[in-house]
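Chains as they are written, first to last, in the working numbering: chain E, 1 to 275; chain Y, 1001 to 1306.
Built from N, CA and C at the ideal position, the CB exists for glycine as well.
All remarks here apply to the structure that follows.
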Amino acid sequence: MARTSTRLRHAAITVLAWGIALWMFFPILWMFLTGFKSEPDALSTPPHFLFHPTLSSYQDVFARENYWHFATNSVVISVMATLVALLVSIPAAYAMAFLPGPRTRMTLLWMLSTRMLPSVGVLVPIYLLARATGLLDSRTGLIVIYMLTNLPITVWMLYTFFREVPVAILEAGRMDGATRWQEVTQVLMPLALPGIASTGLLSLILCWNETFWSLNLTSSIAAPLTTFIASFSSPEGLFFAKLSAASTLAVAPIMVFGWVSQKQLVRGLTFGAVK
Amino acid sequence: MDKVAVHPPVMDNPAGRAARGRHLQGFVLQSPAIMLLLLWSVVPLLMTLWYSLRNYNLVDPTQQGFAGINNYWYLLTDPDFMTSLENTAILVGGVLAISVGLGTLLAVLYNEAFAGRGIARVLVISPFFIMPTVAALLWKNLMLHPIYGVYSAMMRAVGLTPIDWLSRYPLATLVMIVAWEWLPFAVLILLTAIQSLDMEQKEAARMDGAGMVAQFINITLPHLSRAITVVIMIETIFLLTIFAEISVTTAGGPGVASTNLAFLIYSRALLQFDVGGASAGGVVAIVVANIVAAFLLRAVARNLET
């Protein structure tokens, strides 16, 4: 009897868990499928699962919508902002982890507090500053802003990773006469590389999906994919197949990154408070 | 700069000199990050405060000079402002209730062993990685469109009349869309936290005859309490300034029915060009966010000690 009830419970859990998972994922799956429909197929009522797949929407997105322009902007902005953020935060996190002073803890918390400044609270001055310096609708403007908004997160995440590197290994290197530079580049970096990589990945994901600044500060020249997709809002959004194809292209790379690194992301997203 | 100087004077012995050298090195390495963040957090903040006290309209040069508290007075007596505060509270509260409540239950569910668990987890977490503009349009058009949407088709299939969700229930629909994005975040964090739960403790409780519900309330929930706190605070920070989802679905409407504080500030600043009024709104947003941030910082600081 006990065995049957265990088995029943197991079956119930499996069905429930898969049911919810499929329901949560369904919109994404539907978007993926719709991208391969023709426009009339995409608007058929009732919608159907079986259809003649076509690449015409994708061809449209590439040929007519200038997809590559926006994709290039997204890539350049995200990668540059991430690289600069890493360049600035690696030395800072190193110092905090291995040369802690009496104020390190306070500095870390202060950095975190800057992340909590609501972007909308400083929309007016940033917009006016960008306008005055010619950084409206420019990649540089977004790169600078994304780098600054992500800096607290990258410093924190690197700090928690560096803290896990045993100090004894670094000291052994120093005993052998390694300079600080050698210690960092030849001992610490190889050990902390997975941590640095996942920090970079989180930063990439956050930059790629950022919408407040991209929608408010860019329109065409520097517009990344977030702004491009927003341009479908209406009435162009009624081209369901094209919207779906463009959206699929915009989210696919980042979703794969997210799947691969979900464990490490938790650390960065919670500032090390949940491991 | 004075960071090093204010340290207690170090005795002039080799150890002291080494310590001083270490502090100096540490400071030099940290200073680029500190300087950048200092600029980023102080300059725009002061500018917002300054503008909030000025008469300043981008298209009306006759408006200038010191406004005192007029911008604040005008904002606080504006019925749209109160509506936007209410809407902000409903958006934050609604999404938090769904994502944390359901997220806790789902974390327990996906911690159980079942076939294909790894894949099911990935599917549940995926919506978190979807960019907000895509998520919003995906729901607005493909799912909820009153004629062509999948949900409308399902309603027709069971004999109901499809509803134009975004114009009939704009705020509730937005809560649902945003919850779809943030529930996965809660699941991701809580699932990680639940995995560190001591299995022996649960086993012991079960041996003592504690039922599923009793185990959940007495063991799982207390264990998750800190992770839940962290989820609530981080989500609150992001949810307070929801913008893209509103911008591409309802544009704050109908009327101001789905305008939150962030969207109100945006429309004051970039649609009505009222820099002074928008800045006053910005100051309010900063104050609200700071109250939340104070709690979050305390939670994280406690963790830093261990």
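Go ahead and label residue i buried or exposed: buried means 16 or more other beta carbons lie within 10 angstroms of its beta carbon, across all protein chains shown.
i         : result
GLN1272/Y : exposed
PRO1009/Y : For PRO1009/Y, the predicted model reports a pLDDT of 47, less than 50, meaning its position is unreliable; a value from the coordinates is still stated below. Classification of PRO1009/Y: exposed, given that the 10 Å Cβ count is below 16.
LYS263/E  : exposed
VAL266/E  : buried
THR6/E    : exposed
ALA1018/Y : exposed
VAL1178/Y : buried
ILE1234/Y : buried
GLU183/E  : buried
GLN1201/Y : exposed
ASP1307/Y : This structure cannot speak to residue 1307/Y, because chain Y is shown only from 1001 to 1306.
VAL1004/Y : Residue placement at VAL1004/Y cannot be trusted, given a pLDDT of 43 that sits under 50; what the coordinates show is reported in the next sentence. Classification for VAL1004/Y: exposed.
ASN66/E   : exposed
ALA172/E  : exposed
THR1161/Y : exposed
ARG1168/Y : exposed
PRO46/E   : exposed
ASP1002/Y : In this prediction, ASP1002/Y has a pLDDT of 39, which is less than 50 and means its spatial position is unreliable; what the coordinates show is noted afterwards. By the 10 Å Cβ count, ASP1002/Y comes out exposed.
PRO1079/Y : exposed
ASP41/E   : buried
LYS1277/Y : Note on identity: in this sequence residue 1277/Y is Gly, with Lys being the wrong assignment. Buried.
VAL1006/Y : Residue placement at VAL1006/Y is poorly supported in this model, since its pLDDT is 44, which falls under 50; the coordinates still yield a value, given next. VAL1006/Y comes out exposed.
ARG9/E    : exposed
ALA223/E  : buried
PRO1044/Y : buried
Taking residue i as the reference, give the member of the options with the closest Cα.
i         : options                                    : result
SER233/E  : THR1133/Y, GLN1025/Y, GLY1065/Y, VAL1059/Y : THR1133/Y
SER78/E   : THR179/E, MET147/E, TYR159/E               : MET147/E
HIS1223/Y : THR1249/Y, ILE1194/Y, ILE1119/Y            : ILE1194/Y
LEU1261/Y : PRO1254/Y, VAL1248/Y, ILE1286/Y            : ILE1286/Y
TYR159/E  : ALA168/E, PHE239/E, LEU188/E               : LEU188/E
PRO91/E   : LEU225/E, PHE257/E, VAL167/E, PHE162/E     : PHE162/E
ALA1301/Y : ARG1226/Y, ALA1214/Y, MET1155/Y            : ARG1226/Y
ALA1186/Y : ALA192/E, THR270/E, TRP23/E                : THR270/E
PRO1254/Y : ALA1089/Y, LEU1171/Y, ILE1069/Y            : LEU1171/Y
ALA192/E  : ASP176/E, ILE169/E, TRP213/E               : ILE169/E
SER138/E  : MET24/E, LEU29/E, ILE221/E, PRO102/E       : ILE221/E
So, using beta-carbon positions, are residue i and residue j closer together than 8 Å?
i         : j         : result
THR1236/Y : VAL1275/Y : no
MET96/E   : LEU108/E  : yes
ASN150/E  : LEU206/E  : yes
THR14/E   : PHE1027/Y : no
MET1131/Y : THR211/E  : yes
LEU1144/Y : TRP1165/Y : yes
PRO1032/Y : VAL155/E  : no
LEU112/E  : LEU1036/Y : no
VAL1108/Y : THR1220/Y : yes
PHE1081/Y : LEU1240/Y : no
TRP259/E  : VAL1122/Y : yes
PHE1243/Y : VAL120/E  : yes
THR1229/Y : ALA1299/Y : yes
VAL1124/Y : MET24/E   : yes
Please confirm whether any heavy atom of the ligand PLP lies closer than 7 Å to the CB of residue i.
i       : result
THR14/E : No copy of the ligand PLP occurs in the structure displayed, which carries no ligand at all.
Which residues of the region 1115 to 1135 of chain Y have a Cβ closer than 9 Å to any Cβ of chain E? Give them in chain order.
ALA1115, GLY1116, ARG1117, ILE1119, ALA1120, ARG1121, VAL1122, LEU1123, VAL1124, ILE1125, SER1126, PRO1127, PHE1128, PHE1129, ILE1130, MET1131, PRO1132, THR1133, VAL1134, ALA1135
Below 8 Å between beta carbons is the criterion; list the residues of the region 1235 to 1250 of chain Y that meet it against any residue of chain E, in chain order.
ILE1237, LEU1240, THR1241, PHE1243, ALA1244, SER1247, VAL1248, THR1249
Hey, is the region 1166 to 1185 of chain Y in contact with the region 71 to 78 of chain E, meaning 3+ C-beta pairs nearer than 8 Å?
no
Okay, do the region 1199 to 1217 of chain Y and the region 1060 to 1067 of chain Y touch, 3+ Cβ pairs below 8 Å being the bar?
no
Quick one, which residues of the region 1190 to 1209 of chain Y are near chain E if we go by CB-CB under 7 Å, in chain order?
THR1192, ALA1193
Does the contact criterion of 3 or more C-beta pairs under 8 Å hold for the region 31 to 42 of chain E versus the region 238 to 256 of chain E?
yes
Taking any Cβ of chain Y, which residues in the region 36 to 66 of chain E have a Cβ under 7 Å from it, in chain order?
LEU43, THR45, PRO46, PRO47
Three or more C-beta pairs below 8 Å linking the region 1275 to 1291 of chain Y and the region 1048 to 1060 of chain Y:
yes
Mind listing which residues of the region 1139 to 1160 of chain Y have their C-beta closer than 9 Å to chain E's C-betas, in chain order?
TRP1139, LYS1140, ASN1141, LEU1142, MET1143, HIS1145, ILE1147, TYR1148, GLY1149, VAL1150, SER1152, ALA1153, MET1154, ARG1156, ALA1157
Could you list the residues in the region 1044 to 1066 of chain Y with a C-beta less than 8 Å from some C-beta on chain E, going in chain order?
PRO1044, LEU1045, MET1047, THR1048, TYR1051
Tell me which residues of the region 1258 to 1280 of chain Y have at least one Cβ-Cβ distance to chain E shorter than 8 Å, keeping chain order.
LEU1261, ALA1262, ILE1265, TYR1266, ALA1269, LEU1270, VAL1275, ALA1278, SER1279
Chain-ordered residues of the region 106 to 121 of chain E with a beta carbon less than 9 Å from chain Y
THR107, LEU108, LEU109, TRP110, MET111, LEU112, SER113, THR114, ARG115, MET116, LEU117, PRO118, SER119, VAL120, GLY121
Using a beta-carbon distance cut-off of less than 9 Å, what residues from the region 174 to 192 of chain E approach chain Y?
ARG180
Cβ-based contacts, 8 Å cut-off: residues of the region 260 to 271 of chain E near chain Y
GLN262, LYS263, LEU265, VAL266, LEU269, THR270, PHE271
Quick one: which residues of the region 244 to 259 of chain E get their C-beta closer than 8 Å to a C-beta of chain Y? List them in chain order.
SER244, SER247, ALA250, VAL251, ILE254, MET255, PHE257, GLY258, TRP259
Proximal residues, the region 1 to 17 of chain E versus chain Y, C-beta separation under 8 Å:
HIS10, ILE13, THR14, LEU16, ALA17
Got a sec: which bits of the region 151 to 171 of chain E sit with their beta carbon under 8 Å from any beta carbon on chain Y, in order along the chain?
LEU151, PRO152, VAL155
Does the structure place the region 210 to 224 of chain E close enough to the region 174 to 191 of chain E that three or more beta carbon pairs sit under 8 Å?
no
I want to know whether the region 1134 to 1152 of chain Y touches the region 1241 to 1250 of chain Y - three or more CB-CB distances under 8 Å.
yes
Spell out a yes or no on whether the region 121 to 133 of chain E and the region 1262 to 1271 of chain Y are touching, meaning 3 or more CB-CB pairs, one atom from each, closer than 8 Å.
yes
Residues of the region 1030 to 1041 of chain Y in Cβ contact with chain E at a cutoff of 9 Å, in chain order, please.
GLN1030, SER1031, PRO1032, ALA1033, ILE1034, LEU1036, LEU1037, LEU1038, LEU1039, TRP1040, SER1041
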